[in-house]
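2 protein chains.
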Amino acid sequence: MTSTPAPAPAATPGRDGTAALDSYRRAAIIGGGVIGISWAGLFLARGIDVVINDPRPDIEDLVRAGLDEITPALAALGLPTDHLTDGLRFEADLATAVADVDIVQENGPERLELKQQIWGTIERSAPAHALLATSTSSIPATAIAEALRHPERLVVGHPFNPPHLVPLVEIVPGRQTSPAVVERARAFYAALGKRPQVLRKEIPGFVANRLQSALFREAVSLVAQGVVTEQELDDIVTASIGLRWAVGGPFRTFHLGGGPEGLPHFIEHLGRAMATDMWPALGNPTFDDTTVATLVSQAREAFGDDTVAQLAAVRDRAQIALMRALGETPDANSGSAERA
Amino acid sequence: MTSTPAPAPAATPGRDGTAALDSYRRAAIIGGGVIGISWAGLFLARGIDVVINDPRPDIEDLVRAGLDEITPALAALGLPTDHLTDGLRFEADLATAVADVDIVQENGPERLELKQQIWGTIERSAPAHALLATSTSSIPATAIAEALRHPERLVVGHPFNPPHLVPLVEIVPGRQTSPAVVERARAFYAALGKRPQVLRKEIPGFVANRLQSALFREAVSLVAQGVVTEQELDDIVTASIGLRWAVGGPFRTFHLGGGPEGLPHFIEHLGRAMATDMWPALGNPTFDDTTVATLVSQAREAFGDDTVAQLAAVRDRAQIALMRALGETPDANSGSAERA
């Protein structure tokens, strides 16, 4: 526990109640890029003081501009944003930055040696009670923890970008991560209003990115073959599987699409046919020059002159409307729909 | 045009306006299974009289029970359901059933010879102006139309199940389907309130099912490997990519996830790595005995004692709430979110 009284406002209620957030008054965010800024905004809105550690000389300007950009989304989610940056500070020395925090969320470059070096310093300098989490999307905790004296302390807390908005956090224990740390991480992210999911095995890419990657391979193949354009494929997804999978995942969807006997019947009557007829026929595209030229040219047509930031703002508003409809926003006490 | 005055109420406004529905007063639904019932409910709610043709002796009971089951969803979508079955009748003789209709929507068994035989009869008996569409999910219009004297008349109008609820209709022209028929089909489904998408090439499984199948292959692989359970994987999808893809498809998602330069930057910096590192590492599962036993047992745990109908009703309510949030319900005049 920290020894000085924290000036931050009381944390707003999380989905698991406030208790789990009471012991988190100060957070260190290592790496102030897009992911770090998003975590920082969410932590601050939840009443957790944040210190940013990042070697870039202009980091304070970058982070403050980034926080300004995501503040409307935080407010739309129902989180308090009036004094968002009151608890924000910057510390260029890593050891000093983590010296008195309750949680370290690291978002550094995806290079194993660098992460091992960063985590060696964090382990030596952070309080013994601090929760130690890396946002890595590709490096197993087991590999990073080889450089640690206490590998049981490190866990992957991989958000689906951006963390202030998308509910998922994949918690991936390394071989030596202690079950108590896994449970603390789960409770912490849940109290932040996220939907954490603990994986049972380390696997490259974890789960969400592997699934996304599998669908994207076929998407690229279909566009490269000229079956549909990018815009048309996107429209097909939002009008069918996207809408479906926002309320029930693929197993539930097929359970409900297999008649009264559910998934077992689906597997026998449609799944086996899918495995023998469809899976071997799926595309195996490459990003050769022709394919890249097609994708780039169609992206220009599809997304026009709007900037990425403008398009993202529209998307984020739509996504928050969906979350609100599902009772999934952090402030939701009166969701209008049950989650399937 | 039909020669007798139609007693059906005037069609309610569709997304493309009412004009496109004015010339559709009577529809023949061939095959009164789950898909046929869903189409029938939607057509009736839109003020189109429906005649059901199906050889089963108990077809009338089946269809009326099925319509009772989907009526709450039709009402929740904002469609009028007070006198839903006033315009419903049954006709066991195929030639008679299609003799005076403006649209034939065929949902027979997925067997080429049978479909050729059915469509031969329809072509000989239906009015020359009737729109001829098959709901097939797997047989190309080109193959069915080989048995027709006027192959230019037939088009695939493949719904994503159930058609009264999921917006997508994939319109897939055969090699000889006339462009005028394709455009009539598009305008018709759009006027019904659907989001039709015309494909540019025939390909087995069309687009949505191929994409779904690609993701499901990796999903089965991850569960078979014990990385997550079915329930956990479903939760990961609804908390991340499902929510994303409900508001923007995979290309838009990566366009917005690649920094200010969008998709081209994504392809160079993440897409190429995905193609070389991730795609070759994706799973290639089979439905062997162990995998099937795992899937069946976890389905029992995940879905418990609720019936498929109960679970589907919950899912459908949630989906309608999402569609309403996106301004996507047929009655939407005041959608609260822009579609990305």
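Chains A and B, in that order, give the protein sequences.
Mapped onto this note's numbering, the consecutive letters of the first sequence carry residue numbers 9 to 348.
Mapped onto this note's numbering, the consecutive letters of the second sequence carry residue numbers 9 to 348.
Don't be surprised by glycine CBs; every beta carbon is placed ideally from N, CA and C.
(1) When the distance is taken between beta carbons, is residue 265(A) closer than 8 Å to residue 274(A)?
(2) Assign residue 13(A) to one of two classes, buried (16 or more other C-beta atoms within 10 Å of its C-beta) or exposed (fewer than that).
(3) Do residue 271(A) and residue 277(A) have their beta-carbon atoms positioned less than 8 Å apart in this structure?
(4) Is residue 82(B) near residue 93(B), with beta carbons less than 8 Å apart?
(5) Thinking C-alpha only, which one of 77(A), 98(A), 29(A), 167(A) is nearest residue 145(A)?
(6) With C-beta atoms as the reference, is residue 337(B) less than 8 Å away from residue 86(B)?
(7) Within the continuous beta strand (DSSP E) that includes residue 97(B), where are the two ends?
(8) Are there 16 or more other CB atoms within 10 angstroms of the CB of residue 102(B), so buried, or fewer, so exposed?
(9) Establish whether the CB of residue 277(A) and some CB of chain B are separated by less than 8 Å.
(10) Of the residues 249(B), 203(B), 133(B), 318(B), which one's Cα is nearest the Cα of residue 247(A)?
(11) Pick out the complete alpha helix (DSSP H) segments inside the stretch 286–330 of chain B, 4 residues or longer, and give them in chain order.
(12) With respect to the beta strand (DSSP E) encompassing residue 203(A), which residues constitute its N-terminal and C-terminal limits?
(13) Alpha carbon to alpha carbon, what distance is there between residue 76(B) and residue 108(B)?
(14) Going by beta-carbon coordinates alone, are residue 205(B) and residue 178(B) separated by less than 8 Å?
(15) Please list the partners that residue 151(A) has in chain B, where partner means a Cβ-to-Cβ separation under 7 Å.
(16) When the Cα of residue 306(B) is compared with those of 224(B), 238(B), 182(B), which residue comes out closest?
(17) Does any residue of chain B have a CB that is nearer than 8 Å to the CB of residue 218(A)?
(18) Please state whether the Cβ-Cβ distance between residue 242(B) and residue 257(A) is less than 8 Å.
(19) Note down the Cα distance separating residue 11(A) from residue 285(B), rounded to an integer number of angstroms.
(20) Buried or exposed: which applies to residue 113(B), given that a residue is buried once 16 or more other Cβ atoms fall within 10 Å of its Cβ?
(21) Using the Cα positions of residue 254(A) and residue 133(B), report the straight-line distance between them to the nearest angstrom.
(22) Relative to the C-alpha of residue 189(A), which residue among 236(A), 111(A), 231(A), 300(A) is closest?
(23) Classify residue 9(B) as buried or exposed, calling it buried when 16 or more other Cβ atoms lie within 10 Å of its own Cβ.
(24) Based on Cα-Cα distance, which residue from 49(A), 196(A), 291(A), 287(A) lies nearest to residue 230(A)?
(25) If I'm right that residue 50(A) touches residue 171(A) with Cβ under 8 Å, what's the distance once you round it to whole angstroms?
(26) Who pairs with residue 180(A) in a beta bridge, going by DSSP?
(27) Mind listing the chain B neighbours of residue 119(A)? Cutoff is C-beta to C-beta under 9 Å, in chain order.
(28) Using DSSP with H/G/I as helix, E/B as strand and the rest coil, what is residue 255(B)?
(29) Could you check whether the Cβ of residue 326(B) sits closer than 8 Å to any Cβ belonging to chain A?
(30) Look at residue 223(A) and residue 223(B) and say whether their C-beta atoms are less than 8 Å apart.
By the coordinates alone:
(1) One thing to note: residue 274(A) has its Cβ within 8 Å of the Cβ of residue 265(A).
(2) Here residue 13(A) scores only 38 on pLDDT, less than 50, and its place in the model should not be relied on; the value that follows carries that caveat. Residue 13(A) comes out exposed.
(3) no
(4) no
(5) 167(A)
(6) Yes, Cβ-Cβ distance for residue 337(B) and residue 86(B) is below 8 Å.
(7) Where residue 97(B) is concerned, the enclosing beta strand (DSSP E) stretches over 96–98.
(8) buried
(9) The Cβ of residue 277(A) sits no closer than 8 Å to any Cβ of chain B.
(10) 203(B)
(11) 297–311, all fully within the stretch 286–330 of chain B.
(12) 203–206
(13) Here the alpha carbon of residue 108(B) sits roughly 26 Å from the alpha carbon of residue 76(B).
(14) yes
(15) By Cβ distance, chain B contributes nothing, its closest Cβ being about 15 Å from residue 151(A), past 7 Å.
(16) 238(B)
(17) yes
(18) yes
(19) For residue 11(A), the pLDDT reaches just 38, beneath the cut-off of 50, and the residue's location in the model is therefore unreliable, although a value from the coordinates is still provided. Taking the straight line joining both Cα atoms gives about 46 Å.
(20) buried
(21) 43 Å
(22) 111(A)
(23) Confidence is the limiting factor: at residue 9(B) the pLDDT is only 36, short of 50, which leaves the residue's position unreliable and the question unanswerable from this model.
(24) 291(A)
(25) 6 Å
(26) 164(A)
(27) Per Cβ cutoff of 9 Å: no residues; residue 119(A) is ~13 Å from chain B at best.
(28) helix
(29) Interface annotation, residue 326(B): in contact with chain A, CB-CB separation under 8 Å.
(30) In this structure, residue 223(A) lies near residue 223(B), with their beta-carbon atoms less than 8 Å apart.
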